[in-house]
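Read in order, the letters of the sequence shown are residues 8 to 425 in my numbering.
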Amino acid sequence: MSVTLTTADHAAREWRSSGGVKSVEALFQASCPNDSKNSKWIIQSSAPKSLFAQKHIASSSNGWVWAAFHAYSSHHHLTIRPEDIWFSILSQLNFYINAHAEELRDYFVAHEGRKELVVKEFGTIHSVDFGLLAQRMTHLIQENVKDPSLRTWIIPNWTTTTDDDVTVASVLMMGTLQKYFSYKMVLSCGIPSVTLLGERADWEDILKRLDKLPELGDEPATFATLLRPVLRHFVASFDPEPSPAVEDFWSKIAHETGGSGPYFLSGWITAFCFWNEDGKSLYHRYDTNGPQRPVSLQAFEGRQAGCELDNVLYHRVDTADIPSGFASVPVVVNDDGALYDTKMVAGSFGIQVTSSGNMLDDGHGHADDNSYVEKDGKLVPVEYIPKKPTKQPGLDSLQPLSGWLMYEVNNKGAGEPI
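This is the structure in structure tokens:
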């Protein structure tokens with residue numbers, strides 16, 4: 008049973024950040040520009056045309072991080088699935104493991120180089136289910152890695168998990184281990200409120216899965232240290248009467264500071280921005296020991312922590328450095344003798360915007376907007392007093408959008424017979 012927490016005493020506001028995209032092609036182009044530039048056409052996707060006709064979908068290079076940020080800073084409701092959090096963790100690990108592949112080779116596999124894995128199916132590039140083939144590929148990966156529980160650890164199996172989620176996790180698994188394997192598919196003819204979806208046990212299971220991260224090295228161990236307080240508070244949010252500590256937790260999700268130069272994101276959401284896309288630590292960027300006390304929300308104090316939970320300090324991230332929330336992996340498709348160079352992309356690459364049906368707050372103030380007044384010779388924060396909602400219902404609720412797609416790489420000769 009899902010749980011909804013009232014985390015602030017003001018009404019939600021209408022979504023104004025961006026217009027919606029109307030097709031998977033537009034979503035791909037806006038959310039994954041580098042992959043999109045190399046794409047000839049989208050072969051298959053988890054996003055049907057009806058999704059864009061029935062829902063307002065906003066593009067995002069990291070649906071979870073940016074949905075959380077927009078919900079907090081612009082007063083929108085926020086809905087989170089266990090899969091949103093887990094895919095964010097997996098996409099971060101993808102950056103780290105690919106950047107340290109040789110250091111971790113002996114942990115994952117016994118072979119040298121890249122071992123080719125092949126799945127076969129009857130059909131054509133226009134008719135087969137590539138999501139199912141990606142799922143089958145993970146079973147081949149499992150047969151060729153040392154850890155007998157790796158696939159079970161990666162693939163979600165919660166009350167909210169869909170078949171598309173299994174495919175997303177499968178492609179993330181393929182991408183994470185692409186330095187050890189190459190993949191071939193052979194075809195032959197023939198934040199006003201936060202809603203946590205799922206059950207308490209689903210979120211407890213994610214918390215347990217973090218115990219494997221230290222096996223991958225010191226940086227993944229630190230990553231797990233940052234994630235544990237966050238997941239513990241997610242679990243505690245299911246208590247019949249959430250404690251003041253839980254309410255305080257949701258008030259620390261995100262904070263943005265800056266001036267004429269860079270803008271910095273702080274709050275516990277930065278736990279999901281541990282590595283950049285080259286696998287380099289953002290946590291240790293300003294100090295090899297990580298962020299330092301005291302906690303500060305002032306701009307340009309990069310070495311100081313931007314948040315603290317359960318005695319764990321969280322770093323600040325330049326908003327220009329927020330990593331993407333998806334991974335891509337090359338796959339060769341042999342369609343009855345015609346070879347196609349393709350890529351599969353999966354993860355969090357959009358934000359679904361809906362309406363709660365409630366009246367909206369038409370104001371523009373924020374309890375966290377860094378406004379100060381002089382009082383008794385001292386600068387003190389301006390007291391934020393929420394206004395009574397007066398605006399008619401509109402788009403005010405955000406939820407990260409996870410999915411997958413496959414596209415043909417724009418190479419000369421693709422699709423030609425061998």
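Glycine included, each C-beta is placed from N, C-alpha and C at the ideal position. Here the structure is a predicted model, which is why all the values come from computation and not from measurement.
Listed in chain order, the beta strand (DSSP E) elements of length 3 or more contained wholly in the stretch 58-129 are 63-66, 84-87, 122-129.
GLY130 and PRO330 have their alpha carbons spaced roughly 37 Å apart.
Comparing alpha-carbon positions, the option among CYS280, GLY332, LYS259 lying closest to SER80 turns out to be LYS259.
Taking 8 Å as the upper bound for CB-CB distance, ILE50 and GLU415 are in contact here, some 6 Å apart. The alpha-carbon separation between LEU111 and PHE256 amounts to approximately 35 Å. Taking all protein chains shown into account, THR183 has 16 or more neighbouring C-beta atoms within 10 Å of its C-beta and is therefore buried.
By the CB criterion at 8 Å, ILE276 and PHE115 fall outside the cutoff. With fewer than 16 neighbouring CB atoms inside 10 Å of its own CB, THR295 falls in the exposed class. Straight-line measurement puts the Cα of GLN61 at about 14 Å from the Cα of LEU408.
The continuous beta strand (DSSP E) containing VAL338 extends over residues 333-342. If you compare the alpha carbons of ASN69, ASN45, ALA54, HIS83 with that of ALA18, the shortest gap goes to HIS83.
For GLY274, same chain residues with a beta-carbon under 8 Å away, outside a window of 5 residues either side, are TYR79, LYS259, ILE260, ALA261, HIS262, GLY313, CYS314, TYR321 in chain order. With respect to the 8 Å criterion, PHE281 and PHE241 are not classified as neighbours on the basis of their beta carbons.
For LYS215, the enclosing alpha helix (DSSP H) begins and ends at 207-216. For SER177, the enclosing alpha helix (DSSP H) stretches over residues 170-183. Cα atoms of PRO155 and PRO337: separation of roughly 25 Å, rounded to the nearest angstrom. For ARG300, the number of other beta carbons within 10 angstroms of its own is below 16, and it is reported as exposed. For GLU415, the enclosing beta strand (DSSP E) stretches over residues 404-416.
For the pair of segments examined, the stretch 214-227 was found not to touch the stretch 356-367: the number of CB pairs separated by less than 8 Å stays below three.
Collapsing the DSSP output to three states places ILE50 in a strand. Separation of LEU97 and GLU123 (C-alpha to C-alpha, rounded to the nearest whole angstrom) is 23 Å. Around ALA54, the same chain offers VAL31, GLY410 as residues with beta carbons nearer than 6 Å, after the five sequence neighbours per side are excluded.
Your pair PHE356 and LEU34 checks out as a contact, with CB atoms roughly 7 Å apart and the cut at 8 Å. Under the three-state reduction of DSSP, ILE260 is assigned to coil, being neither helix nor strand. Judged by their CB atoms, SER9 and THR202 are nearer to each other than the 8 Å cut-off.
A direct Cα-Cα distance of roughly 6 Å separates LYS186 from ARG121.
Here ASP225 is exposed, its C-beta having fewer than 16 other C-beta atoms within 10 Å.
Counting along the chain, ASP42 sits inside the alpha helix (DSSP H) bounded by residues 40-44. Closest by C-alpha distance to THR13, out of ARG239, SER250, LYS219, is SER250. By the CB criterion at 8 Å, THR326 and PHE271 fall inside the cutoff. Annotation: the continuous beta strand (DSSP E) that includes GLU315 extends over 314-316.
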